[in-house]
Every structure is written in structure tokens, then in C-alpha cells.
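Taking it in order: structure first as C-alpha cells, then the write-up.
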Amino acid sequence: MSDSPALPLLLVEDDWDMAGNIADYLEPRGWRVRHAANGALALHLVHEERFAAVILDRDLPALDGLEVCRRVRQGPAHRVPVLMLTAAYRLEERLEGFAAGVDDYLVKPFALPELLARLGALLRRGGGAAPAPEGEVLRCADLELRPGPREVRRAGRLLVLTNMGFAILELLLRRSPEVVRREELEEALWRDAPPGSDALRSHIFTLRAAVDGPSALPLLQTHRGIGFQIRAPRPGDAPLP
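In short: position in the sequence shown from 1, add 316, done, that's the numbering used here.
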């Protein structure tokens, strides 16, 4: 067992037996678990305390997990990584969750070692890398990303991205105009916790909607069967429909 201080985790789950099993597994493995059985208590705790990550059940009574996540993203703890637990894994549901600010999904029933691995992957994405040089700006056309304050703007307009969306965009901008292979992205983002086959596609869909939108010339390019690319617009490019 590590001598490092335990990491604070907010577990939002209305099933007390499941919450107990998760806490019993995570606490000897470096996590200090705070439990909330409903969305209202979760929002209170996330505003009163600092957490390294949040595990959030989608199907909560009254205030559901999606709405909880939306409100978290609008508050002072907007950068906290959020792992959502769900009983279903439809593409439409995942897209809705990513748009609300969810960073990753785990489908019930799940193995507790996978839960632990996904939490580790979220931490690496959110803050495990070396600090960015002060004042560093990554640019492509009118898109700017500042790794230090974790800020993204397009034509001066501030964009709201999920932690995963920010990580994907930063990686693509650092390699621009190179095409980054799908396998490279998955390795960089998930490492030892590989996602389902549609996870990266879902994140790219959400990222493209935020970065390119309905009126801007497209910067995020998909090369089918190969990977993805950020590049400046070319003659003949048209806004997304």
C-alpha cells in the first residue's frame, strides 16, 4: 500500500449496497470516499470540498446524474474528472452524457479493478502530465488552446470542453497538421483501461460540435480508417451542416 495521502473521491450512488462495495474496494487502494445518495447532497459536497474525481450514477432519484454533471461543470469545481455509471451503453446516451460534461462511462455490472483503472486514467488525463510552460498557446487558424489555464477559444469565443475533449484537442494541436492515428489517441488517453469500440468516436463527435459548430469552417478532420487531424481551412471547405 502506498504511503501517499489518500485521494478524495465523491461517490454519488443511490444503491447503498453498491456504494458500500465500491468504497470498501477503493479505500484500501488509495482513495478516501465520500458518499452522496442523491444529486442535491452531491452538489452541496462538490461545492464545499475538493475532490480528485467524482463517480456519478446516471439514474439518480429526483435530480439525475446528467443534471448533476451539468451543474458541476457550471460551478467552481468544473474541472473535476467525472466517471458516470450507467445500466445502458447506447451511443445516444453516451453522446448526451459527454455533452453534459462526463469524461468516461462504465456500464453496470462492472469489475471493481476496471473501475480503479479508469479512475487512474482520468487522473492522468486531468493532471498527471508535467505542467505546461507559462503562457504557452497552441494555435490553428482562429483556434487557440492555453494548456496552463486549460482555456480554449475559437475566434475569441470561449469554448466549454470536457476533460476528455480538452485532452484530445491538445494532443491533436501539438501534432498539427499531422494525422494522429486512432490507436495512438486511444493509447494516450486510456492506456491500461481501453474503452469500448465507440468511445473515441463519441468523444470526437462531441469535440467537433464544440470546436467547429454549425457556422465555423471545420478544423477537426476525420481520415476514415486512419485517424484524426487539426488543420487550417482550405479553399472549398464549408461549414458543418
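Backbone N, C-alpha and C fix where the C-beta goes; we use that ideal spot for every residue, glycine too.
| query | result |
| --- | --- |
| Sheet register partners of V370 (DSSP bridge) | L326 and V398 |
| For M480 and R441, believed in contact at Cβ under 8 Å, the rounded distance | 7 Å |
| Integer Cβ distance of V396 from V388, believed to fall under 8 Å | 7 Å |
| Range covered by the alpha helix (DSSP H) that runs through E467 | Run containing E467: none in the alpha helix (DSSP H); it sits in the beta strand (DSSP E), E467 to R470. |
| Beta carbon of T478 nearer than 9 Å to that of T538 | no |
| Assigned exposure category for H360 - 16 Cβ within 10 Å defines buried | exposed |
| Residue nearest to F544 in terms of C-alpha spacing, selected from E364, V495 and R386 | V495 |
| Same chain, Cβ closer than 7 Å to D330, five either side skipped, listed in chain order | A353, N354, D373, L376 and P377 |
| Beta-carbon proximity of D420 to A515, cut-off 9 Å | yes |
| Residues that DSSP places opposite A352 in a beta bridge | V328 |
| For T478, the first and last residue of its enclosing alpha helix (DSSP H) | Taken as a continuous stretch (DSSP letters only), T478 belongs to no alpha helix (DSSP H), as it is neither H nor E. |
| Beta-carbon proximity check, L459 vs L439, cutoff 9 Å | no |
| From L501, A433, E430 and S492, residue whose alpha carbon lies closest to that of R455 | S492 |
| C-alpha gap between G472 and L327, whole angstroms | 37 Å |
| Segment limits, alpha helix (DSSP H) that includes I520 | A515 to V527 |
| Local conformation of E409 per DSSP, three classes | helix |
| CB-CB length for A339 against H351, believed under 8 Å | 7 Å |
| Buried versus exposed call for I542 [16 or more other C-beta atoms within 10 Å across all chains shown] | exposed |
| Distance, R550 Cα to E430 Cα | 43 Å |
| Proximity below 9 Å, CB of R462 to CB of E452 | yes |
| Cβ-based neighbour list, G444, same chain, cut-off 6 Å, excluding 5 preceding and 5 following | Confidence at G444 is low in this model, with a pLDDT of 42, below 50, so the placement of that residue should be treated as unreliable; the coordinate-derived value is given next. So the list is empty, once near-sequence residues are dropped. |
| Element boundaries [alpha helix (DSSP H), containing G387] | The sequence as given places Arg at residue 387; Gly does not occur at that position. Here the alpha helix (DSSP H) through R387 covers G381 to R389. |
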